[in-house]
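Colleague: Structure provided below as structure tokens; questions to follow.
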Amino acid sequence: MSSVLKELEIDPSSRSTLAGDYERFADGLPHPLEEYVRDRYEINLSSEYGGLSIKNPFGKGSGQLSLNVSQVRRDAEDGLGFVILKTIIAEDERGAQSMSEWAIHETRMIVERIKGANGSEGWTVTWKGRGWYDTFEKYLEFFGESLRVVQDMGMPVVPSCKYHLPRNGEGEWKLGEYQYTTRRLLEVWKQHGPQGLTMPIEKDFSPTLAGSDRAAQKHTILRWLMRVTGLIRQAASPIPIKVGLKVFNAVFEDAFQLEMLRAINERCEAEDAPDFLVYGNRLFDPDREFDGVRGVAYGGPDLSERNLAVLG
-4 MSSVLKELEI DPSSRSTLAG DYERFADGLP HPLEEYVRDR YEINLSSEYG GLSIKNPFGK
56 GSGQLSLNVS QVRRDAEDGL GFVILKTIIA EDERGAQSMS EWAIHETRMI VERIKGANGS
116 EGWTVTWKGR GWYDTFEKYL EFFGESLRVV QDMGMPVVPS CKYHLPRNGE GEWKLGEYQY
176 TTRRLLEVWK QHGPQGLTMP IEKDFSPTLA GSDRAAQKHT ILRWLMRVTG LIRQAASPIP
236 IKVGLKVFNA VFEDAFQLEM LRAINERCEA EDAPDFLVYG NRLFDPDREF DGVRGVAYGG
296 PDLSERNLAV LG
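Residue numbers (this note's numbering): -4 to 307.
Written out as structure tokens, the structure reads:
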């Protein structure tokens, strides 16, 4: 922490205050955090996620720690700003899933130290597992109960979904999966979500990260990015929906990361333009093994370096 503060242009008094709080809250933050930061630093932490008000920007992304109600309840009690639920794999009304390879039953994770290419150390979460592995009905129950649990706690809960992404040359989109999955999620939101507010949904693009054959060619990825939002909106119509794209670090060079962002921001128009983006939350190492699986996602210093380089 001290080395980071030395690189920033901060007056000595603020630097001392930040360093002190960093040490003081190493094992836990003050509660409520928002009041402490407002009173001590005169900073308002409130913001929004997908059009929903959040009390602070510190939330939990979709994954192994957002797949049951007890986790969601604990997050709300601990003061998180929002939680994105484990990613459901879209299906049609017959239960067919074109992306079924992403619904893996086994889940295991560890938090461990990692050293970046520049020699700096950090932390990463390594896990085995992908999307929601139980039935869609169970996910709808989970979504509804999570919404009920946080109803009076000021913490939005948002679903995440992996819809069909056609391989290069596959041609047709599985529109039935878009329609059925989106409409069922909206039904739960209407019944248990905050009244009068539009449901956000986060579209997971992890095939661009994991070296999937679906992402073997760049133009395939760009096609996905520029088309998916419109398909989700059409599936929801006439009910409004806020669509966010979770754009990962693809298995290509930095220049393609910029090309993806430009495609979304400059080439998507009208209903094909997403409402928000979630960007670059992990990298992929095709050679590393974990629990018998070759190829794992990771974070840490290298992730920070790449994201800052691309976004800078």
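Heads up, the beta-carbon is just placed ideally off N, CA and C, and yes, glycines get one too.
Please list the terminal residues of the continuous alpha helix (DSSP H) segment that includes residue 296.
Modeller: For the purposes of this step, residue 296 is identified with residue 301 of the sequence shown, where counting begins at 1. Here the alpha helix (DSSP H) through residue 296 covers 296 to 306.
Colleague: Within 8 Å, do at least three Cβ pairs link the region 253 to 273 to the region 235 to 245?
Modeller: These segments touch.
Colleague: With H, G and I counted as helix, E and B as strand and the rest as coil, what does DSSP make of residue 279?
Modeller: For the purposes of this step, residue 279 is taken as the residue at position 284 of the sequence shown. Residue 279: strand per DSSP, three-state reduction.
Colleague: Three Cβ pairs or more, each shorter than 8 Å: is that satisfied between the region 109 to 117 and the region 176 to 185?
Modeller: Contact between the region 109 to 117 and the region 176 to 185 is absent, because fewer than three Cβ pairs lie under 8 Å.
Colleague: Classify residue 150 as helix, strand or coil using the three-state DSSP reduction.
Modeller: Mapped onto the sequence shown, residue 150 falls at position 155. Looking at residue 150 - three-state DSSP - the assignment turns out to be coil, as it is neither helix nor strand.
Colleague: Going by DSSP, what residue range makes up the beta strand (DSSP E) through residue 104?
Modeller: The residue you call residue 104 lines up with position 109 of the sequence shown. Its beta strand (DSSP E) spans residues 103 to 110.
Colleague: Using CA coordinates, which residue listed in 93, 107, 125 and 25 is at the minimum distance from residue 62?
Modeller: Locating residue 62 in the sequence shown gives position 67, counting from the first residue. The shortest Cα separation from residue 62 among 93, 107, 125 and 25 belongs to 125.
Colleague: Does DSSP classify residue 311 as helix, strand or coil?
Modeller: The structure shown has nothing for residue 311, since the chain only spans -4 to 307.
Colleague: I'd like to know if the region 47 to 56 and the region 157 to 171 are in contact, where contact means that at least 3 CB-CB pairs between them fall below 8 Å.
Modeller: Contact fails: fewer than three Cβ-Cβ distances are below 8 Å.
Colleague: Can you check which of these residues, 12, 85, 103 and 38, is closest to residue 322 by C-alpha distance?
Modeller: Within the shown structure, residues of the chain are numbered from -4 to 307, placing residue 322 beyond reach of any answer.
Colleague: Given a threshold of 16 other Cβ atoms within 10 Å of its Cβ, counted over all protein chains shown, does residue 139 qualify as buried or as exposed?
Modeller: Stepping through the sequence shown from its first residue, residue 139 is reached at position 144. It counts as buried.
Colleague: Going by DSSP in three states, residue 240 sits in which element: helix, strand or coil?
Modeller: Position 245 of the sequence shown holds residue 240. Looking at residue 240 - three-state DSSP - the assignment turns out to be strand.
Colleague: Tell me the rounded alpha-carbon separation between residue 71 and residue 23.
Modeller: One-based indexing of the sequence shown puts residue 71 at position 76. One-based indexing of the sequence shown puts residue 23 at position 28. Roughly 15 Å separates the two Cα atoms.
Colleague: First and last residue of the alpha helix (DSSP H) that includes residue 8?
Modeller: Locating residue 8 in the sequence shown gives position 13, counting from the first residue. Residue 8 -> alpha helix (DSSP H) spans 7 to 19.
Colleague: Do you know whose CA, among 220, 185 and 281, lies nearest residue 273's CA?
Modeller: Counting from one through the sequence shown, the residue named residue 273 turns up at place 278. Nearest C-alpha to residue 273: 220.
Colleague: Based on the DSSP secondary-structure assignment, which residues constitute the bridge partners of residue 289?
Modeller: The count along the sequence shown starts at 1 and reaches residue 289 at position 294. Answer is 284, bridged to residue 289.
Colleague: Who does residue 197 pair with in a DSSP beta bridge?
Modeller: As a first step, residue 197 must be located in the sequence shown, where it is residue number 202. The partner list for residue 197 (beta bridge, DSSP) reads 155 and 239.
Colleague: Is it true that the CB of residue 153 sits closer than 9 Å to the CB of residue 60?
Modeller: Locating residue 60 in the sequence shown gives position 65, where the first residue counts as 1. Locating residue 153 in the sequence shown gives position 158, where the first residue counts as 1. Cβ atoms of residue 60 and residue 153: not closer than 9 Å.
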